[in-house]
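Chains as they are written, first to last, in our numbering: chain A, 1 to 383; chain B, 384 to 766. Heads up, the beta-carbon is just placed ideally off N, CA and C, and yes, glycines get one too. As the structure is a computational prediction, the values presented were derived from the model and not from experiment. Just below is one structure, and these are the notes that go with it.
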């Protein structure tokens, strides 16, 4: 269902020849209106890819008529020439669709520091336009895969309206978004300001709290497009909840398919003085390589959790920290707690609870373990 | 030569039975004066092991007559009982040596969250005292090893005075010190304030800039002890340079023996507006798992260097960044530079130069690559 679950959208996914493998690598998503409202959030990395710089400009107008997405090359760190490539991509899409180039967003993913083969990409856009279909969402989701083993889609149904989406991302997942490209669509009738508020609220607690490997991408892009085709303006709460649900579903799919991972780690920080403290502590735990290795080895090594907490500026007393792994409080009051042999580590999901014993705020961060497969996937070839 | 290279020191290293393997695990270093001046720097981790809390108190007096060091257990996150164990260790050492317990520093390394077998440790101290020798430095250096494959010592000679030292550390190496225990000794006649100033200046540019795996220990301790036995008070510059040389030598040995590493990565940030900017950027590069994997695979993936720089708050313009790997400027002006195929990656040392093109400040950070062996060493058993 993907980005075509909501009414008023067509999509396609084709092989333009950007990937040597011949796999699909070019996706097109078109908003057929009547409304063309859109919002976007982008990587916090200060080194931004050309398509991110372009799309940020487009989004300032609050209108997006189409999104061109390619895998097979990130078009990042490619200088003025790379930016011209993105501009030419939008111009070409505008021509074949009869749109305004200034309302066409572009997103790219793949190797940094390589120019895109523009002849193939521009020719591919002709084909992608021809294949646009109200059932094209799955093909679009497949065409944006890089090292993803599966394509990722999600849908939430409202009362007479729908939110759908697709995502790609498997490595370089980190706060401030991951190497993720996400397009969400809705036929709800919501204006750009409403979409922006909703998208920021949703991503803050979902994609921004996914930290697979601590590395922040140059290309992360999450777009939310509204066609208004349902004719329904949903209550703000219901709409935000639907968007959050789709984001959460896609974020979990990203963690579940992270490169080389054997564990999905749910880190819940409770008892924090502030939500910021909870997030800071959660991220520090999520990024501790020694802990990530231990969890891969099914070793409930809580000392490495405390060691990670100790590097933060959050409010806590080291002698009051409590840590549970899969429900067993292996650390109480900063010291040895229940028997670590009681912890069952056989399953893919590992649940860590860190209690700062300072207040009532909390946050959940999702991470992955560190494995020899991760090393292999990221050392055996350029990506 | 180690900690007994300088006159006025004896040392020993024995097997107290703390390690199941029966390997040496208890070291004793004794300052025989006439001066007992000392300075220390400790981990910046807010979760500090009991021996760190103890030794910080001892160092406030500026006098250390002996140091007890054990491997086989970190005595971290062990609560009030763990602190009592450290206290008992100092008391026992004071008894067998005829010293004041308040002038005996203690350092421990090994698994977090496990109490030490105190009967073995206290009995071991009797044996360690008997074996003290002016030639015992090597044995002491061997006894503090954990996953180190070799013991680490260094010596610098001044004009009539000497600085020597030993170090242990192989994993959990990070800024704010590593899981390192370091004891430096000198027969120079320098007071505690002079030692403190010298040690902070030396560690700031050496141990503090070693970042093997981004993980900060609960136990890091670097001590500098002066006996005054040479009767020489060296010029401040010469003394600082000698201490810095020994620290730099030991820091390089730590990186060269880091768990599972196949590459030593020298990251030099130049053209920074401030030294703090240079250090922040260097650490961000040092901690990027994707880059560490790429370098393991001998892939000069400069895009991952830019991606890491982009996550910092340092002053730079993305379009002016330059990056060299092993002398080849693969990135110029934030874009594609010289041919990456020119980069020779066959050797253990990899040199990355990141030019921020903003000023004239610089810093060097040392790191390691990320390998399947690192994952194995840190997942196959608790450490």
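- With fewer than 16 other beta carbons inside 10 angstroms of its own, residue 133/A counts as exposed.
- Counted as a single uninterrupted DSSP element, the alpha helix (DSSP H) harbouring residue 54/A occupies residues 50-59.
- Using a Cβ distance threshold of 8 angstroms, residue 595/B and residue 750/B count as a contacting pair.
- For residue 42/A, the secondary structure class from DSSP, reduced to helix, strand or coil, is strand.
- For the 8 angstroms CB-CB criterion, residue 306/A and residue 323/A form a contact.
- Just measuring C-alpha positions, the residue of 663/B, 761/B, 684/B, 712/B sitting nearest residue 745/B is 663/B.
- Going by C-alpha positions, residue 435/B is about 27 angstroms away from residue 390/B.
- With respect to chain B, the C-beta atom of residue 69/A has no partner C-beta closer than 8 angstroms.
- Pairing residue 650/B with residue 665/B gives a Cβ-Cβ distance under 8 angstroms.
- Residue pairing by DSSP places residue 152/A opposite 167/A in a beta bridge.
- For residue 336/A, the residues of chain B that pass the 8 angstroms Cβ criterion are 460, 461, 462, 496, 497, 498, in the order they occur in the chain.
- Residue-level contact by beta carbon fails for residue 470/B and chain A, as no gap is shorter than 8 angstroms.
- Bridge partners of residue 75/A according to DSSP: none are assigned.
- Between residue 224/A and residue 39/A, the C-beta gap is smaller than 8 angstroms, which places the two residues in contact.
- Proximity to residue 671/B across 605/B, 529/B, 624/B, 692/B peaks at 692/B, based on C-alpha coordinates.
- DSSP, reduced to helix, strand and coil, places residue 544/B outside both helices and strands of the structure shown, so it counts as coil.
- DSSP, reduced to helix, strand and coil, places residue 735/B within a strand of the structure shown.
- Taking the C-beta atoms as reference points, residue 464/B is found no nearer than 8 angstroms to residue 401/B.
- Bounds of the beta strand (DSSP E) holding residue 331/A are 328-332.
- Per DSSP, the beta-bridge partners of residue 411/B are 395/B, 451/B.
- For residue 601/B, at least one C-beta of chain A is nearer than 8 angstroms to its own C-beta.
- Chain order gives the chain B residues near residue 46/A as 693, 701, where near means a beta carbon separation below 7 angstroms.
- Residue-level contact by beta carbon holds for residue 372/A and chain B, with a gap shorter than 8 angstroms.
- The beta carbon of residue 290/A is closer than 7 angstroms to those of 304 in its chain, skipping five residues each way along the sequence.
- Within the DSSP bridge table, the entry for residue 749/B names 593/B, 649/B as partners.
- Bridge pairing for residue 335/A: 332/A [DSSP].
- By the rule that beta-carbons nearer than 8 angstroms mark a contact, residue 307/A touches chain B.
- In the three-state reduction of the DSSP assignment, residue 497/B falls in the coil class, being assigned neither a helical nor a strand state.
- Residue-level contact by beta carbon fails for residue 579/B and chain A, as no gap is shorter than 8 angstroms.
- The alpha-carbon separation between residue 182/A and residue 77/A amounts to approximately 21 angstroms.
- Setting aside the 5 residues that flank it on each side, residue 145/A is surrounded in the same chain by 71, 151, 168, each with a C-beta closer than 7 angstroms to its C-beta; the list follows chain order.
- Its Cα nearest to that of residue 228/A, the residue 36/A stands out among 105/A, 36/A, 123/A.
- Residue range 104-108 is occupied by the beta strand (DSSP E) that includes residue 108/A.
- By the neighbour-count definition (other C-beta atoms within 10 Å, threshold 16), residue 572/B is a buried residue.
- Residues of the segment 344-357 of chain A with a C-beta less than 7 angstroms from any C-beta of chain B: none at all.
- With contacts defined as CB atoms closer than 8 angstroms, residue 760/B and residue 492/B fail to qualify as a contacting pair.
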